[in-house]
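Number of protein chains: 2
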Amino acid sequence: MTFLEALKRVLVGRPFETESLKRTPLRRLVALGKVSSNALSSVAYAPDEILLTLAIAGMSAIHFSPLVGAAVMVVMFVIIASYRQSVKAYPGGGGDYIIASTNLGPRAGTTAAAALLIDFVLTVAVSMSAAAHYLVAALPQLQGHRGEIAAWGVALLAFASLRGLGRSRWAQMLPTYLFVAGVLFMLVVGSILAVTGQLGQAPSADFTIAPQAGFEEGLTGFFGALLILRAFSTGSAALTGIEAPQSSVPDMAPPRAKNAASVLVWLGILAAVLTLGTLFLAEATNMRLVEFPHESLQLDGGPIPEGYFQIPVLGQLAMAVFGSGTFGFIAILVLTIWVLWTAGASAFKSFPFLASLLAVDGYLPRQLRTRGDRLGYSNGIAALGIAAIVLVLAFDAHLPGLIQMYVVGVFVAFTLSQLGMLGHWKRRYVQTPSRPARAKIVRSRLLNLVGFVLSAAVLVVVLITKFVHGAWLAVAAIGLLYLIMFSLHRHYEAVDRELAIDPNAEAKALPARVHALILVSSVRKPVLRALAFARASRPSKLDAIVVDTEEERTQRTIEKWNELRIPVPLTVLASPYREVAPPLLDYIKGIKRDSPRDLVVVYVPEYVVGRWWEQLVHNQTALRIKARLHFEPGVVVASVPWQLSADTHGRALFDNDFGTTPPTDPSKDPQ
Amino acid sequence: MTFLEALKRVLVGRPFETESLKRTPLRRLVALGKVSSNALSSVAYAPDEILLTLAIAGMSAIHFSPLVGAAVMVVMFVIIASYRQSVKAYPGGGGDYIIASTNLGPRAGTTAAAALLIDFVLTVAVSMSAAAHYLVAALPQLQGHRGEIAAWGVALLAFASLRGLGRSRWAQMLPTYLFVAGVLFMLVVGSILAVTGQLGQAPSADFTIAPQAGFEEGLTGFFGALLILRAFSTGSAALTGIEAPQSSVPDMAPPRAKNAASVLVWLGILAAVLTLGTLFLAEATNMRLVEFPHESLQLDGGPIPEGYFQIPVLGQLAMAVFGSGTFGFIAILVLTIWVLWTAGASAFKSFPFLASLLAVDGYLPRQLRTRGDRLGYSNGIAALGIAAIVLVLAFDAHLPGLIQMYVVGVFVAFTLSQLGMLGHWKRRYVQTPSRPARAKIVRSRLLNLVGFVLSAAVLVVVLITKFVHGAWLAVAAIGLLYLIMFSLHRHYEAVDRELAIDPNAEAKALPARVHALILVSSVRKPVLRALAFARASRPSKLDAIVVDTEEERTQRTIEKWNELRIPVPLTVLASPYREVAPPLLDYIKGIKRDSPRDLVVVYVPEYVVGRWWEQLVHNQTALRIKARLHFEPGVVVASVPWQLSADTHGRALFDNDFGTTPPTDPSKDPQ
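For the record, the sequence lines run as chains A and D. For the first sequence, this note's numbering assigns the number 5 to the initial residue and increments by one for each residue that follows. For the second sequence, this note's numbering assigns the number 5 to the initial residue and increments by one for each residue that follows.
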């Protein structure tokens, strides 16, 4: 115990007081930096996904990428507009889970929560996989270890969260703003170079893309349209994280709702500029990105070089704009990894927080509701870490696979949240008599309706175009989580019902009589202590019990008992099969049969030794009996421990025997 | 629990009653068959060891084998003669451990016991390794798997012992007598053939033995003499098991001591006839046996065939006498394997029995003293099985390696036992006044003195000639076991001293006052039950405690408490670090400081759920608190369980709440 505790102290640090949770409210600029790392870090992988999906149809298709990006951004602004409604409607805070469950009932709420939980796991998995990708781009000698690097990244994140690292606002704000500044600077420089015709080519510009079977003609016909939809739905990964400002409304400085709404707008503007700018420059530098480079890329009609490693979009852009190995290139990679780490860290806050809300509501195990030593919800952090590591290793940090699941979760939550807002406005409309107020509600409702239709449409598109590519896994995971959460809730409710108190019937009732039993194995001090305690509690009846497992030993016990003239009758229970628990249970059942109103209390004398090997070499009978009695209805087990000091000091350290006068503090002694 | 119990029933069978241990006394012939399997089965490997040790010095040396065998037999008869003294001196039974500890004190006794325990492990390891060797001789396709076969043999033996198989007298007697009859028949037939000049050659007769470096001249000089001593000490493996009749004296029919003494003589005669006969026939059939055939054997000056497998002595004899593959050959192999199995099974009785004696005396963990369901000492059986499997696998069932350890253990026990008898006679001499009786004692003492000198001499020879060959391992094992046993004994003694009752001081003392605490986490039925029980025991002071880990929850608890008007004060303990146990322990320490004579009783309400996953999803706080309080001196923990039926039947199954009238048997209802 003490060794484990010491280890925990070294790893986790000394505990923080609950008081230190209280913090000053967030001003707008701080809030923007703090909550947008998740949404903005998707610039590090969402453009890549659009490009490589379009590349399935070959060289001509990739020129559609800015168009697809623009469509994604349109959807984003609609959703942001509807989230501004939610923020104003729930200024006390409330994520998609609360909005959905308040307005649509627990089933929708649980579904939204399940989707969000899956989402947070994927935020971590995707962020760390992308970070591993950028790290390998910076340090080519790490090639071939992306899965492990990403898994270690997750483990490090979990550890940092357990220690409560990165809780300061600067740690959350700085990487976001630096990343935005760095990428913006690159986009501006790149655009100037492009306009002046001085922009270099991307390192992959010389390759040609071989279209996959069925797309030899480029993006034409039904399948061409479907592929554009697929690219659009994959690119929707850029929208992950825009729900974050909504749940941090309570932390904002007043006017909370207004500040949160403006944070949302600024978040959208930054995301749009970065995403579209990146796609534009990728097009300008003739970047070629495919899912499997060695299968789909060609160089002068032949295969590409053996060791070719496909650097992600921001990395290739930095090479084209600043040149490979320059300070600018390294800076972009470092900032990208840092913002991805921060996005992962934010999920390590959101997941345990949502899990604790769900645990309080009885949808997840109770263990998730308690804060650990450093104020993080330790169990939730551990659960998230394990789930993300499993995902990262299962997909070997391959982003296109993970993204498919990600988008499903995000849009399930969006859709349910918007639907919830529709319900909210409907109720508000009914409750509101004044006409101008009603008109405002109608406008808000219309906005949420558009948001709902659009996000539902995207969800349908995602499910249609990517079901077999991995979306089914997300659907299955959400469904499974939903089932688990619902069964748990039913179980907790049943327990609560059973344990609830009926004030009239039972509040002050007392058991009729107490029948006390003392379990005797050998007549030594612990037995006397148990006896003394049992007699002090004045039971209606008091029996000492010895189970006859060994004739000789039983005989010795009886003799000793009589010799000491202990004024309590000693009952010997026969045990033909040398067991202790069954004869005792039979005896107790007999008592309960004869006098059903009696409460049976079994006093178990135990001695406690200090070291683990000492514990091993003493009979574990007491432990086993306690375990068996635990499941016996109407039986109270009183364990009377005797703390041994034998072997350690040669004499009793804790001499608390009742007969002797206990040591008193000499300074308090009146003598 | 129930699944494990069912599994145990299927594997082990239903329990036997303790009563069935009582058995009718053994008559002489039955006793001889029952106790001599261990000693006589050594004919299956001891001659081999003599032959292959001598073979180190080449062809000429192996002719010394009958001489070495005869020397071993002389030692055996001396030791048997001295054991006859022990049997008469201890007609109540008493193995080497009891004789050594009674007469020489606990240190010698513990050493003898350690040696014997190591011995029994080696009996099993050697018997199963030899059996595996014979099995491979019978089924050549098993070659190369001797280690695994022997390990499986040990496992099967352990399993059979746990099930209590082979407890009938026939199962112990039959294989011994059949083995003796079979080998005797072979020896007689072989001798007749030899005398008439019709005896065939052993399958290894055509080989020549290349002497090892230093022995090119055969058995000459100092090293020659040393090698003969080595062969002698290795051959002393034939003496293992002759101590067995001594410990079964109490089972004999009267006159016990006399019967046991005559069993010893007959055992010696049979062992001598079989061992010497085997060595004689091996010589007559020109058998060549070496430790590593492919290194030391030659055929016509060149290497022996690639796949040559060295069949052990009894197998080669059966081939020479009856012919390979004949019924006689197969019968000898089968009987040999059977008697080796029986010898192993006997060790699975002796080891756990000795271990239980040692456990009763406090030299081994208490768990070894209890009989299992089928009356075997299950823990001892398991310990022996594991130790023997480790040995067999470590030596890959290579007999020459194992035998070295075996002999050391046997002779340490012999020597200490004889020394103990010397002490015994000395005391008897002093106590005996009459001259003729004294003369008898002097004679007995002389016999034991010879026995002591001879076995000590053999021990010294063994240690000198084989220390580096493996004897050191036995010495180390005995030493280690001795240390463990002594530390354990010291520990148990210290515990006993500490727990012993001083009848004058404390037998009937009662604690001054009882201060009861009830741990409240939420105000539900279990708390009310704990409260009812605590009040029923009428403590001097009663407090309800709530630890404030979550402000909101604590507030709810307080409100509910007041609402129900529970007439017990509710104390709220602050917990800045959200822990439950530390504030509680601080509070208890405060009570103990203020009124040191008070007994503190903590009532812990608990609810017990039925299924493992239900157990997982409920807070384990109660368990953790109980574990912490267990180590706190002067605190009694009363666990008040509430058996939940939630989820299983939708309503309480065990409705034992005190307020409602419990269900009564309608047949007993007077209405």
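No residue lacks a Cβ here, since even glycine has one placed at the ideal position from N, Cα and C.
Item to check | Cβ neighbour criterion (16 or more within 10 Å) applied to residue 419 of chain A | outcome: Your numbering for residue 419 of chain A matches position 415 in the first sequence. It is buried - the Cβ of residue 419 of chain A has at least 16 other Cβ atoms within 10 Å.
Item to check | Cutoff 7 Å; reference residue 512 of chain D; Cβ partners in own chain excluding five residues on either side | outcome: The residue you call residue 512 of chain D lines up with position 508 of the second sequence. Reliability of the predicted coordinates at residue 512 of chain D is poor, the pLDDT of 48 falling under 50, and the value obtained from them is presented with this limitation in mind. Around residue 512 of chain D: no qualifying Cβ.
Next on the checklist: Taking contact to mean 3 or more Cβ pairs, one atom from each stretch, closer than 8 Å, check whether the segment 273-281 of chain A and the segment 182-194 of chain A are in contact.
Outcome noted: yes
Next on the checklist: What does DSSP give as the partner residue(s) for residue 647 of chain A in the beta ladder?
Outcome noted: For the purposes of this step, residue 647 of chain A is taken as the residue at position 643 of the first sequence. Looking at the DSSP assignment, residue 647 of chain A forms a beta bridge with A:612.
Checklist entry - Going by other Cβ atoms of all chains shown within 10 Å of its Cβ, with 16 needed for buried, is residue 175 of chain D buried or exposed? => result Your numbering for residue 175 of chain D matches position 171 in the second sequence. By the neighbour-count rule (16 or more Cβ atoms within 10 Å), residue 175 of chain D is not buried but exposed.
Next on the checklist: Just to confirm before moving on: does the CB-CB distance between residue 576 of chain A and residue 553 of chain A stay below 8 Å?
Outcome noted: The residue given as residue 576 of chain A occupies position 572 in the first sequence. The residue given as residue 553 of chain A occupies position 549 in the first sequence. Not in contact: residue 576 of chain A and residue 553 of chain A (Cβ atoms no closer than 8 Å).
Next on the checklist: Using 8 Å as the threshold, is the C-beta distance between residue 206 of chain A and residue 80 of chain A below it?
Outcome noted: Locating residue 206 of chain A in the first sequence gives position 202, where the first residue counts as 1. Locating residue 80 of chain A in the first sequence gives position 76, where the first residue counts as 1. Contact flag unset, no.
Checklist entry - How long is the line joining the alpha carbons of residue 269 of chain D and residue 467 of chain D, rounded to whole angstroms? => result Stepping through the second sequence from its first residue, residue 269 of chain D is reached at position 265. Stepping through the second sequence from its first residue, residue 467 of chain D is reached at position 463. The alpha-carbon atoms of residue 269 of chain D and residue 467 of chain D are separated by roughly 28 Å.
Checklist entry - Under 7 Å Cβ-Cβ, which residues of chain D neighbour residue 647 of chain A? => result Locating residue 647 of chain A in the first sequence gives position 643, counting from the first residue. Residues of chain D passing the Cβ test: 635 and 637.
Next on the checklist: The alpha helix (DSSP H) that contains residue 182 of chain D, what's its start and end?
Outcome noted: As a position in the second sequence, residue 182 of chain D is number 178, starting the count at 1. Counting along the chain, the alpha helix (DSSP H) containing residue 182 of chain D begins and ends at 173-199.
Checklist entry - Of all the CB atoms in chain A, is at least one closer than 8 Å to the CB of residue 505 of chain D? => result In the second sequence, counting from the first residue as 1, residue 505 of chain D sits at position 501. Answer yes: the Cβ-Cβ gap between residue 505 of chain D and chain A drops below 8 Å somewhere.
Next on the checklist: According to DSSP, simplified to helix, strand and coil, what is residue 306 of chain A?
Outcome noted: Here residue 306 of chain A corresponds to residue number 302 of the first sequence, with the count starting at 1. Looking at residue 306 of chain A - three-state DSSP - the assignment turns out to be strand.
Checklist entry - Taking DSSP as the reference, what is the three-state secondary structure of residue 495 of chain A? => result As a working note, residue 495 of chain A is residue 491 in the first sequence. It is helical.
Item to check | Classification of residue 566 of chain D by the beta-carbon crowding that lies within 10 angstroms, buried from 16 upward | outcome: Walking along the second sequence from the start, residue 566 of chain D turns up at place 562. Burial call: exposed.
Checklist entry - Which residue spans inside the segment 512-587 of chain A form an unbroken beta strand (DSSP E) run of at least 3? => result 517-523, 545-552 and 574-578
Item to check | DSSP bridge partner residues for residue 30 of chain D (one or two, in chain order) | outcome: Counting from one through the second sequence, the residue named residue 30 of chain D turns up at place 26. Answer is D:256.
Checklist entry - Any C-beta of chain B sitting closer than 8 Å to the C-beta of residue 580 of chain A? => result Absent from the structure is chain B; the protein chains it does hold are A and D.
Checklist entry - Which term fits residue 624 of chain A, buried or exposed, when burial requires 16 or more other beta carbons within 10 angstroms of its beta carbon? => result Stepping through the first sequence from its first residue, residue 624 of chain A is reached at position 620. It is exposed - the Cβ of residue 624 of chain A has fewer than 16 other Cβ atoms within 10 Å.
Checklist entry - Exposed or buried, residue 523 of chain A, counting other C-beta atoms within 10 Å across all chains shown (16 or more means buried)? => result Along the first sequence, read from residue 1 onward, the residue named residue 523 of chain A stands at position 519. With 16 or more Cβ atoms within 10 Å of its Cβ, residue 523 of chain A is classed as buried.
Item to check | For residue 431 of chain A, the first and last residue of its enclosing alpha helix (DSSP H) | outcome: Here the question's residue 431 of chain A lines up with position 427 in the first sequence. Its alpha helix (DSSP H) spans residues 403-435.
Next on the checklist: Determine, for residue 612 of chain A, whether the minimum Cβ-Cβ distance to residues of chain D falls below 8 Å.
Outcome noted: Translated into the one-based positions of the first sequence, residue 612 of chain A becomes position 608. Yes - at least one Cβ of chain D is within 8 Å of the one on residue 612 of chain A.
Item to check | Local conformation of residue 153 of chain A per DSSP, three classes | outcome: Locating residue 153 of chain A in the first sequence gives position 149, counting from the first residue. It is helical.
Checklist entry - Among A:389, A:442, A:460 and A:438, which one has its Cα closest to the Cα of residue 696 of chain A? => result What is shown of chain A runs 5 to 675, which leaves residue 696 of chain A out entirely.
Checklist entry - When the Cα of residue 2 of chain D is compared with those of D:272, D:273 and D:253, which residue comes out closest? => result Since the first and last residues shown for chain D are 5 and 675, residue 2 of chain D lies out of range.
Item to check | Proximal residues of chain D, C-beta to C-beta of residue 545 of chain A below 7 Å | outcome: Stepping through the first sequence from its first residue, residue 545 of chain A is reached at position 541. Per Cβ cutoff of 7 Å: no residues; residue 545 of chain A is ~13 Å from chain D at best.
Checklist entry - Would you report the Cα separation of residue 604 of chain A and residue 344 of chain D, rounded to the nearest angstrom? => result The residue given as residue 604 of chain A occupies position 600 in the first sequence. The residue given as residue 344 of chain D occupies position 340 in the second sequence. Their Cα atoms are separated by approximately 55 Å.
Checklist entry - Roughly how many angstroms separate the alpha carbons of residue 10 of chain D and residue 583 of chain D, rounded to a whole number? => result Indexing the second sequence from 1 puts residue 10 of chain D at position 6. Indexing the second sequence from 1 puts residue 583 of chain D at position 579. Their backbone Cα atoms lie some 40 Å apart in a straight line.
Checklist entry - For residue 667 of chain D, which of helix, strand or coil comes out of DSSP? => result By 1-based counting over the second sequence, the position of residue 667 of chain D is 663. Low local confidence applies: a pLDDT of 35 at residue 667 of chain D is under 50, so the model's placement there is unreliable, and no value is given.
Next on the checklist: By the three-class DSSP mapping on this structure, what secondary structure does residue 393 of chain A have?
Outcome noted: Here the question's residue 393 of chain A lines up with position 389 in the first sequence. It is helical.
Item to check | Endpoints, alpha helix (DSSP H) assigned at residue 107 of chain A | outcome: Counting from one through the first sequence, the residue named residue 107 of chain A turns up at place 103. Residue 107 of chain A -> alpha helix (DSSP H) spans 100-108.
Checklist entry - What residues from chain A crowd round residue 23 of chain D, counting only those whose CB sits closer than 8 Å? => result Numbered from 1 along the second sequence, position 19 holds the residue referred to as residue 23 of chain D. Within 8 Å Cβ-Cβ: 580.
Checklist entry - Are there 16 or more other CB atoms within 10 angstroms of the CB of residue 201 of chain D, so buried, or fewer, so exposed? => result Translated into the one-based positions of the second sequence, residue 201 of chain D becomes position 197. With fewer than 16 other Cβ atoms within 10 Å, it is exposed.
Next on the checklist: I want to check one thing, is the minimum distance from the CB of residue 116 of chain A to the heavy atoms of the ligand FAD below 7 Å?
Outcome noted: Of the ligands one can find in the structure shown there are none, so the ligand FAD has no counterpart to examine.
Item to check | Among A:537, A:598, A:39 and A:560, the one whose alpha carbon lies nearest that of residue 607 of chain A | outcome: Position 603 of the first sequence, counted from the start, is the residue given in the question as residue 607 of chain A. Of A:537, A:598, A:39 and A:560, the residue nearest in Cα terms is A:537.
Checklist entry - Among all the DSSP beta bridges, which residues are the ones paired with residue 607 of chain D? => result Here residue 607 of chain D corresponds to residue number 603 of the second sequence, with the count starting at 1. Paired residues: D:522 and D:642.
Checklist entry - Going by DSSP, what residues sit across from residue 212 of chain A in a beta bridge? => result On the first sequence, position 208 is the one that residue 212 of chain A refers to. Beta-bridge pairing links residue 212 of chain A to A:302.
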